[in-house]
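So the sequence lines, in the order shown, correspond to chains A and B. Just remember that the working numbering sits 2 ahead of the position in the first sequence, which is counted from 1. Just remember that the working numbering sits 2 ahead of the position in the second sequence, which is counted from 1. Glycine residues also receive a C-beta, built at the ideal position from the N, C-alpha and C atoms. Here the structure is a predicted model, which means the values were calculated and not measured. Scroll down for the structure; my scribbles are underneath it.
2 protein chains.
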Amino acid sequence: MDKIDKAILAILQDDCTTPVSDIAERVGLTTTPCWRRIQQLERAGVIERRVALLNPARLNVGVTVFVAVRTSEHSEAWFRKFASVVAAIPQIVEFYRMSGDTDYLLRVVVPDIAAFDGVYKRLIRDVKLSDISSSFAMEQIKFTTALPLDYA
Amino acid sequence: MDKIDKAILAILQDDCTTPVSDIAERVGLTTTPCWRRIQQLERAGVIERRVALLNPARLNVGVTVFVAVRTSEHSEAWFRKFASVVAAIPQIVEFYRMSGDTDYLLRVVVPDIAAFDGVYKRLIRDVKLSDISSSFAMEQIKFTTALPLDYA
DNA sequence: CATGAAAATTCACACCA
DNA sequence: TGGTGTGAATTTTCATG
Numbered sequence: 003m004d005k006i007d008k009a010i011l012a013i014l015q016d017d018c019t020t021p022v023s024d025i026a027e028r029v030g031l032t033t034t035p036c037w038r039r040i041q042q043l044e045r046a047g048v049i050e051r052r053v054a055l056l057n058p059a060r061l062n063v064g065v066t067v068f069v070a071v072r073t074s075e076h077s078e079a080w081f082r083k084f085a086s087v088v089a090a091i092p093q094i095v096e097f098y099r100m101s102g103d104t105d106y107l108l109r110v111v112v113p114d115i116a117a118f119d120g121v122y123k124r125l126i127r128d129v130k131l132s133d134i135s136s137s138f139a140m141e142q143i144k145f146t147t148a149l150p151l152d153y154a
Numbered sequence: 003m004d005k006i007d008k009a010i011l012a013i014l015q016d017d018c019t020t021p022v023s024d025i026a027e028r029v030g031l032t033t034t035p036c037w038r039r040i041q042q043l044e045r046a047g048v049i050e051r052r053v054a055l056l057n058p059a060r061l062n063v064g065v066t067v068f069v070a071v072r073t074s075e076h077s078e079a080w081f082r083k084f085a086s087v088v089a090a091i092p093q094i095v096e097f098y099r100m101s102g103d104t105d106y107l108l109r110v111v112v113p114d115i116a117a118f119d120g121v122y123k124r125l126i127r128d129v130k131l132s133d134i135s136s137s138f139a140m141e142q143i144k145f146t147t148a149l150p151l152d153y154a
């Protein structure tokens, strides 16, 4: 991946509605080779998808909660169950398997504490979890879907 | 925001390249009124932007680290400094002010532990921080930019 | 809001260097 | 790989009902 590809990706990460002709001009190409590079980046799986980002406050999900989970169960079947339950809860937007003291970390978006309690109850009802600790975010100071291109 | 608007948003959150004519058909409208609704959702700030999502592994940032920060400083000037330093580090993709024992939480994406150390050193060089604890994610099981539309 | 349609823009690709 | 040209698709706007 050369400098031009990175420049193209930087533009698309910021605004994927930018016409190919504009992108081409900004990276110093004409439209066709630029278009071909974009196609190739899609085929190679570098560009996964193009999505609209919505405003959390306008959708009434201004509260973010991080949920740290510990468990005694470590079977494959249990994990698949856990993963499928999480996948079905739209309020859970991120889900990581961690190293260290917490086994899993979830990010949950909800309107308020009461709504979080609903998600929490649903989670513990559907999955056997040993220990859960929730931390509330007061403010989202930075959030970007743009990944650093420095290592590619 | 009625049911049709939500249906439109659900489609655009999933794939913003969907032609307006397709969206219209799926929500039971013709293109013109559907197009007007989309324009209005943009003007109202519900739709903030349209971006390309890239593959972390392909960009060599497959490792996610959560950094919990505590500080003794709580002045406005210090916070602005902290926020500007974080804004300038592209490896930091999320940044929250928390309630509870940790004051701030960062999500950092890097290729490996060594690269994380670089980001870590840069952070503590530029900002005065009392206590930092880093947790490594072994696996990203779920990650979506699609917000739940249930509360809107 | 539906229909129909036109103008402007952008995409997608064949072909050449 | 990059460039030129062109037909197709899409967006965007504007009539009328």
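The shortest CA-to-CA distance from alanine 26/A to any of Cys18/A, Pro35/A and Thr19/A is the one to Pro35/A.
According to DSSP, phenylalanine 145/B shares a beta bridge with Glu96/A. When DSSP states are grouped into helix, strand and coil, arginine 127/B belongs to the helix group. Contact annotation for serine 101/A against chain B: Ser137, Phe138, Ala139 and Met140 [CB-CB distance below 8 Å, chain order]. A residue is called buried when at least 16 other Cβ atoms come within 10 angstroms of its Cβ; aspartate 103/A does not meet this threshold and is exposed.
The C-beta distance from phenylalanine 97/B to lysine 144/A rounds to 4 Å, short enough to meet the 8 Å contact threshold.
Within the segment 115-137 of chain B, contact with chain A at the beta-carbon level (separation under 8 Å) is assigned to Ala117 and Ser137.
Of the other Cβ atoms in all chains shown, 16 or more fall within 10 Å of the Cβ of aspartate 105/A; this residue is therefore buried. Shown here for valine 87/B: same chain residues with a beta carbon closer than 6 Å to its own, the five before and five after excluded, namely Asp128 and Val129 in chain order. Within the same chain, and ignoring the five residues on either side of threonine 147/B in sequence, the residues whose Cβ sits closer than 8 Å to its Cβ are Gln15 and Leu55. Under the 8 Å criterion on CB atoms, aspartate 17/A is classed as interfacial with respect to chain B.
Only those residues of the segment 35-56 of chain B whose C-beta falls short of 8 Å from the nearest C-beta of chain A are listed: Ala46, Gly47, Val48, Ile49, Glu50, Arg51, Arg52, Val53, Ala54, Leu55 and Leu56. Per DSSP, the unbroken alpha helix (DSSP H) holding isoleucine 40/A starts and ends at 33-45.
Annotation for arginine 52/A: the continuous beta strand (DSSP E) segment containing it runs 49-56. Counting C-beta atoms within 10 angstroms of its own C-beta, arginine 38/A has fewer than 16 neighbours from the protein chains shown and is therefore classed as exposed. Taking the Cβ atoms as the reference, serine 136/A lies roughly 45 Å from valine 29/A, outside the contact range of under 8 Å. Contact fails between the segment 57-72 of chain A and the segment 109-119 of chain B, because fewer than three Cβ pairs, one in each stretch, are under 8 Å apart. The C-beta of arginine 82/B comes no closer than 8 Å to any C-beta of chain A.
Within chain A, Ala54 have C-beta atoms less than 7 Å from the C-beta of leucine 14/B, given in sequence order.
Of the candidates His76/B, Glu44/B, Val69/B and Glu75/B, the residue whose Cα lies closest to the Cα of glutamine 93/B is Val69/B.
Taking 8 Å as the cut-off, the Cβ atoms of leucine 61/A and leucine 61/B do not count as close. Rounded to the nearest whole angstrom, the CA to CA distance from aspartate 24/B to isoleucine 6/B is 14 Å. For a Cβ distance threshold of 8 Å, residue set Ala85, Val88, Ala89, Ile94, Val95, Glu96 and Phe97 of chain B lies close to lysine 144/A, ordered along the chain. In the structure shown, the three-state DSSP call for isoleucine 13/B is helix. Listed by position along chain A, the residues whose Cβ is nearer than 8 Å to that of arginine 60/B are Ala46, Gly47, Val48 and Ala154.
In this model, leucine 108/B and glutamate 50/A are separated by some 24 Å (Cα to Cα). Looking from the CA of cysteine 18/A, the closest CA among Arg52/A, Leu125/A, Thr73/A and Thr32/A belongs to Arg52/A.
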